[in-house]
Structure formats: C-alpha cells, structure tokens
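In order, the protein sequences belong to chains A and B.
Per this note's numbering, the very first residue in the first sequence carries number -17; after that it's consecutive.
Per this note's numbering, the very first residue in the second sequence carries number 134; after that it's consecutive.
Virtual Cβ for every residue (Gly too), placed ideally from N, Cα, C.
Note sheet for the following structure.
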Amino acid sequence: MSATPRNLLPLLVLPAVAVNLFTFLWPMLNLAGLSFREGLPGGGIGAAFSLATWGDLLADEFYLEILLRSVGMALGITGLALLASYPIAFFVHRADARWRNLLVVACISPLLISAVVRTYGWLVILGDAGFLPVILRGLGFAPPRLVFNMTGVVIGLVEILMPYMILSLLAGFGRLNQTLEEAAASLGAPPLVVFWRIVLPLTLPGILLGCLLVFVLTVSSFITPKLLGGGRVLLLATEIYDQAIVTLNWPLAAALSLIALGVFGAALLVYGRISRAAERSIA
Amino acid sequence: MTQAAPGTAPHLLLDRLEKRFGTTLAVQALSLSVGRGELLGLLGPSGCGKTTTLRMIGGLMPASGGRIVVAGRDVTALPPHRRDMGIVFQNYALFPHMTVAQNLSFGLEMRKVPAAERAARVQKALEMVRLGAFAARRPRELSGGQQQRVALARALVIEPSILLLDEPLSNLDANLREEMRNEIRDIQQRLGITAVFVTHDQAEALAICDRIAVMRGGVLEQLGTPYEIYERPASEFVAGFVGRANRMAAVREASGAVQLGPLRLQGSGEAAPGPVTVMIRPHRIALCDAVPEGEGWNGATGRVARSTFIGDLLSLEVEIGGASLLVEQHTFAGRAMPRPGEAATLRWRAEDTLVFPRSAAA
Ligand SMILES: Nc1ncnc2c1ncn2[C@@H]1O[C@H](COP(=O)(O)OP(=O)(O)OP(=O)(O)O)[C@@H](O)[C@H]1O
Ligand SMILES: [Mg+2]
C-alpha cells in the first residue's frame, strides 16, 4: 500500500463513480422528470410540466393496493425464505470442510439457471396437470390451486431467491464459534436456549443482509409473478412493466418506479437502523 | 481402579474412559479419581488426549467407552447442560454480544436464580476476580488477562460441582500466567472446589496441582503428587517430560550397579539388569573438589566443554568419558567460573540417578 500515496486512492474509485453517475443517477433523474409529464393516449408524452400523472396515481386506490400487496408479499416471502434457508445454511456451515465447498456450490447452483426457466419448472410442477396436484389428487386430496394465484408466486419466488439468502447467511455465520455454544451448554443452557440466546444474535448480521436482499429482489421481480401469477397477481413491478411496455404510459411507469425506489430506500433505512443496533451489541 | 488422594472422598471418577476417532484411540482405558476439593492436573505433550478427556468429562464429547461418575452418580450419558460443570476454555469463549455482567448472569438465569440474587452473585464473583468495576464492559474491551478472569468468574458463579480448565493460561504472557495460575489456585482452594486443570506446561502443573496425571498417547503414564512425579518418575517419559534431565544409555548389572561408559554408578529405580537409560537432573549435579567415596554418592571427573553464565544460573557442559553432562549451579558472588577446557569434578546422589528400562521411543 505504501506505493500508493493516500491522496491517489480516491482516483481509484473515480471510474466506478463515473459509471454509476452515468448508468444510475442520470436515468433516475430522467425518470423523475418523466413522472412530471402527462401520458397521452397512444403512448405520447406531454411536453409540459404536469402533476396529472402523480395526481391520478395518488387518487387511485388501486395503486395503494398494489403497493401494499407488493410490500406485504415481499415481507412474507422474505420470512419464508429465511425460515427455509436458515437450517440449510446452518447445516452447510457446520459440515465437514471437505464437503462444505461442494454444498455451497450445490446451494447456489440454481443461480446458474435463468429465473425464467426455473419459473417454467414450477409451472410444470404446480400447474393443474402438474405432477404435484396429480399426486395429491391420486392420494385422495383436493389440493388448492397452486398456480396463477398468490400461492404460486410465493412458492416460486421463495425458491428462486433462497440462494441469495443462503449466501448472505453463510457470510454472516463467520462469527459463529462452536466453543460459544459449548460454553453456553456448560452453563446449563439446553439446545433451544443456546440457539435463541447465542446462535441467533450472533448470526443476526447475516440474517438482516439476506432479508434486505430478498426483500428488494422480491419487490423488483416481475417475470416470476407474471408467469406464476398468470396475470392475476398485480404487483408494483408487474404494473410498471405493463404501463411501460403494454399501455405505453411512460410517465405513469416512471412515477411507479419512483415509488418502488422509495420502498427500497425505506428498506435500506430499516436495515441500517436494525443492523447498527445489532452491531452495537455484537461487534 | 486408582484410589482418590489420601484423606479425601472421591468426587469425580473416571472408569476405563475411552475415546476413539475412527481407528485412532485418543484416550485409552483412563481410570482415575479426583478427591473433593482437589485440583488435579492433566499434563502431557500436545495430542496426548488432555482436551479430549476434559471434553468427555464436561459432556461436550461422547465417550466411546467407560464411565464418568460424579459424587457417585453416573453422568456418562448426560448432556453438558445437565452436568453442572463449569468450564474455562482456552480461548475464554466469552459471549461477545453480552456485557461482562450478562456473561456471568447467563448461567444463573439458566438455573432460574431470581434477578436480585443474580445481580448480587454476579457482583460478588466479579469482585472475587478483581473486576468489580468492569461489569458493564464488553469482552472485547478487556485485556487478555481480564477476559481470562471473566471466563473463570463465569464458570465459578454458578457454583458448579466440578470446575474444568483447558489450558486457561496459554494465551497469556509469562508474567501474567504466573500471577493468574496462583490466583486460580487461591480461588479454587478458598471455594474448596473440585477441579481438573489441563496443561502442557509442567511448571504450571507442579506449581498449583494437588496431584498430576501425566498422559502420553492417550494413556495415563503416572498419577501422583508433584513431588512424586518429579522425584520418583515412573518412567523415562515422565522423567523427561517433567523437569529437565540428562539422558544416557547405560547397562545395569546383576548387582544393581550401572555401568555408564567407564563410570560405575549407583542408581535408584527398579529396572532389571540389561540395557537401561540413566537420567540425572542438571541441578542435582554439584561441582566439588574430589570424587566422593562411599554409599549414596556418585562422582565423576571430566572436562568443561561449555560454560554459560545466565545470571542466577551457571550452566556447564561437562564431558565425562564419552558422555556429555549438563550441569546447573546456582551462582553466588565470588564463585569461580570454570572455563572451557578446565577439569571439573562432579558429584550427585545415588537417588538422583534415575534408572529406567531402555525404551524404544521417548
Ligand atoms: N475431532 C477429532 N477428530 C479426530 N481426531 C481428533 C479429534 N479431536 C482430537 N483428535 C485427536 O485425538 C488426539 C488427542 O487430541 P487432544 O485434543 O485431546 O490433545 P491435547 O492433549 O489436548 O493436545 P494439545 O496440548 O495440543 O491441546 C490427537 O491425536 C488428535 O489428533
Ligand atoms: Mg488441548
């Protein structure tokens, strides 16, 4: 490091900053500007500054509904992904070093396959003629509909986003030290108490990171909700897609995008709050 | 089965304890008992099974065979949280997300001690290890020695039936180590608690333990008081591991005398006639004016090969008939310093001439 004078270091991040300015901030500003125009029928955009788009949006309860549905669903999926991933990540973390790398690869290998393909996979499994309902019917059950509704979207997204959760959890498990658990046990703590009082607090950073990631990815996902929701599960991201690509109301799509951005900002804020509080107590 | 230390009731009993890892036997047929209020040292070289033994006692590792009995009750199958043992780990294992007080309080909460009593006991335990003012600190805000004392207080505050310590001092520097070992000993005696202390440092074991179990390759090599271990080592291995010794190959004759090169020595020890190993501790050899005559003494003349002055010690290497003897003498002002090349006359007692059957290893 001594070869790099301290005042040259900022230069190193300059390219990244420039790229970010160009590919993120600039489009965002454009988007913000766009939302203050009026969308004309047939895909035209009014030239003048207008509050019409925001006015319509705020007046229409439909948009509040999809906002709440998106956030609610994202929270639920985050929770389910956490519940499903935690034991897996714990097992992988505890596995013999020989197997651990292999297991990590196995956990994240689904990422190598496009989410579209995996979503179609779920259609095959959950669809009315899919093998899960067929088996359930064969066993004499009357399974509920598993696709083209919220259930299908939740199942698909949880599975598709689990690798991110597992990776984040594994990164956070570095703090875990089996001796701490042994110490707690020797002090009289049964296994569940050891988990609750020692393991969980120490793995909180990984949990928070994974939750943030999965929450944000859920709110911005639209392929899986579209395919597994069959157009019947209306969410923020699918609506942005529809407005931009189908209806060609770009100002409305821009305004909805800004709302999504607001959701991400709020998520980051909550994440920062909680992890700072956790950090203070763990560090 | 071995007996407890004289005059004390057996509190912890290991009965043919065994631990297998795959095909390796980490601990073999280990039987010993620890008296109530006794501090037993588990001493041995790295990998001899000390930690494994301690972990089995604490329930952190299942035994492959044998029994662990505490106060007459078989605890072999009990999980650690029901064994009521306080463990001090080598790396302290303090909970990083809790304050010092919360660390201590944890074990009391598990025992459902009411909050008011908890606070009082925590404070008392902290004062015992002279950390009364540190209750609100986090472990990472403490020095190594302070963390070590917190770990000790945390294990003691629950008033465990047995205290287990796994090399608790190995992360401390030499001065602090000595101070802490005495502190541990003081507290252990004051509370009259039964304790097992794992160490690979023989000086540490000799200094504070009531009895020492010397282990080697998973086997109990000798069990005895520090005096017995040091003065009457049961094997060449123990003699070499505990304290330092000159080690020489010799032959024992039917008469009991030992022929070491041209020297004929009187030795102690039961070794049968044949090839033997003779061990003499360097500081038990004295410089003198004439080779002593008569019962009880051995002597030799030789040539000084090396002479080193180390302040309180004078360390000499003396060549005697092919063998080279390390000799250590306390220094005092005015003592002559033998120079290399000079002749030296040595003497040592017959009982300091330890004779063991020659073993292949060690
Ligand atoms: N989990 C394990 N799996 C396989 N072998 C093990 C395991 N733990 C210990 N061993 C082996 O058992 C033997 C005893 O190990 P142990 O840790 O008890 O030694 P120790 O006397 O505590 O040594 P040290 O002074 O280095 O701590 C060693 O040969 C070690 O390699
Ligand atoms: Mg060890």
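Can you find a CB in chain B that lies within less than 8 Å of the CB of A:Val170?
It is Gly, not Val, that sits at residue 170 of chain A in the sequence shown. It does; some Cβ of chain B falls within 8 Å.
Could one say the Cβ of A:Leu162 lies closer than 8 Å to chain B's Cβ atoms, at least one of them?
yes
In three-state DSSP terms, what is A:Thr101?
helix
Examine ligand 1 and report whether any of its heavy atoms sits within less than 7 Å of the Cβ of B:Thr185.
The answer is yes for B:Thr185.
In whole angstroms, give me the CA-to-CA distance for B:Thr186 and B:Pro143.
18 Å
For A:Trp104, is the classification buried or exposed, using 16 other Cβ atoms within 10 angstroms of its Cβ as the cut-off for buried?
That one is buried.
Closer than 7 Å by beta-carbon distance: list the chain B residues that pair up with A:Ile180, in chain order.
Phe228
Take B:Ser457 and list the residues in its own chain whose beta-carbon comes closer than 6 Å to its own, dropping the five residues that flank it on each side.
Glu450
Can you grab the Cα-Cα spacing for the pair B:Glu475 / B:Gly389, in whole Å?
32 Å
Just to make sure I have the definition right: I need the residues of chain B whose C-beta is within less than 7 Å of the C-beta of A:Leu114. Which are they?
Residues of chain B passing the Cβ test: none, with the nearest at roughly 40 Å.
Under a Cβ-count criterion, where at least 16 other Cβ atoms within 10 Å of its own Cβ denotes burial, should A:Phe6 be classed as buried or exposed?
exposed
Beta carbons nearer than 9 Å to chain A: which residues of the stretch 182 to 214 of chain B have them?
Arg188, Gly191, Gly192, Leu193, Pro212, Pro213, His214
What residue does the beta strand (DSSP E) around A:Thr60 start on, and which one ends it?
Note, A:Thr60: premise wrong, no beta strand (DSSP E); alpha helix (DSSP H) at 43 to 76.
Closer than 7 Å: is that where the CB of B:Asp485 sits relative to any heavy atom of ligand 4?
Inclusion of ligand 4 in the displayed structure is not the case, the ligand content consisting of ligand 1 and ligand 2 alone.
Please tell me whether, using a cut-off of 7 Å, the distance from the CB of B:Gly182 to the nearest non-hydrogen atom of ligand 1 is below it.
yes
In its own chain, which residues sit with a C-beta less than 8 Å from the C-beta of B:Ala378, not counting the 5 before and 5 after it?
Short of 8 Å from the beta carbon of B:Ala378, and not among the five residues preceding or following it, lie these beta carbons of its own chain, in chain order: Ala372, Met412, Ile413, Arg414, Pro415, Leu487.
Can you say whether B:Lys257 is buried or exposed, counting buried as having 16 or more other CB atoms within 10 angstroms of its CB?
exposed
When you compare each of B:Asp148, B:Pro247, B:Pro229 to B:Ile201 by their alpha carbons, which one comes out closest?
Minimum Cα distance to B:Ile201 is reached at B:Asp148.
Within the 8 Å Cβ cut-off, does B:Ile220 reach chain A?
The beta carbon of B:Ile220 falls within 8 Å of a beta carbon belonging to chain A, placing the residue at that interface.
Give me the Cα-Cα distance between B:Gly140 and B:Arg169, rounded to the nearest whole angstrom.
A caution first: B:Gly140 carries a pLDDT of 49, below 50, which makes its placement in the model unreliable, though a value can still be read off. As the crow flies, the alpha-carbon of B:Gly140 is around 10 Å from that of B:Arg169.
Quick one: complete beta strand (DSSP E) runs, 3+ long, within the stretch 171 to 208 of chain B?
172 to 176, 198 to 203
When burial is assigned at 16 or more other CB atoms within 10 Å of the CB, is B:Lys245 buried or exposed?
exposed
Does ligand 2 have even one heavy atom less than 7 Å from the beta-carbon of B:Asp115?
For chain B, the structure presents residues 134 to 495; residue 115 of chain B sits outside this window and is missing.
Does the beta carbon of A:Ala77 sit closer than 8 Å to a beta carbon anywhere in chain B?
no
Evaluate the contact criterion for the stretch 162 to 174 of chain A versus the stretch 240 to 251 of chain A: three or more CB pairs, one atom per stretch, below 8 Å.
The answer is no - the stretch 240 to 251 of chain A does not touch the stretch 162 to 174 of chain A, with fewer than three Cβ pairs under 8 Å.
Looking at C-beta atoms only, is the number of pairs between the stretch 166 to 181 of chain B and the stretch 339 to 348 of chain B that lie closer than 8 Å three or more?
yes
Could you tell me if B:Leu289 is buried or exposed, where buried requires 16 or more neighbouring beta carbons within 10 angstroms of its beta carbon?
buried
Assign A:Met(-17) to buried or exposed, taking buried as 16 or more other Cβ atoms, counted over all protein chains shown, within 10 Å of its Cβ.
Confidence at A:Met(-17) is low in this model, with a pLDDT of 46, below 50, so the placement of that residue should be treated as unreliable; the coordinate-derived value is given next. A:Met(-17) is exposed by the Cβ-count criterion.
Closest to A:Leu251 by C-alpha separation, out of A:Pro115, A:Leu191, A:Pro69, A:Glu164, would be which residue?
Considering only alpha carbons, the answer is A:Leu191.
Heavy atom of ligand 2 less than 7 Å from the Cβ of B:Glu300, yes or no?
Yes - ligand 2 has a heavy atom lying nearer than 7 Å to the Cβ of B:Glu300.
Looking at chain A, which residues of the stretch 227 to 258 of chain B have a Cβ within less than 7 Å of any of its Cβ atoms?
Phe228, Pro229, His230, Phe239, Gly240, Met243, Arg244
Opposite B:Ser166 in the DSSP bridges: which residues?
B:Leu146
Over what stretch of residues does the alpha helix (DSSP H) that includes B:Ile443 continue unbroken?
Counting along the chain, B:Ile443 falls outside any alpha helix (DSSP H), and DSSP gives it neither H nor E.
Quick one: using the 10 Å Cβ neighbour count with 16 as the cut-off for buried, is A:Gly26 buried or exposed?
Burial call: exposed.
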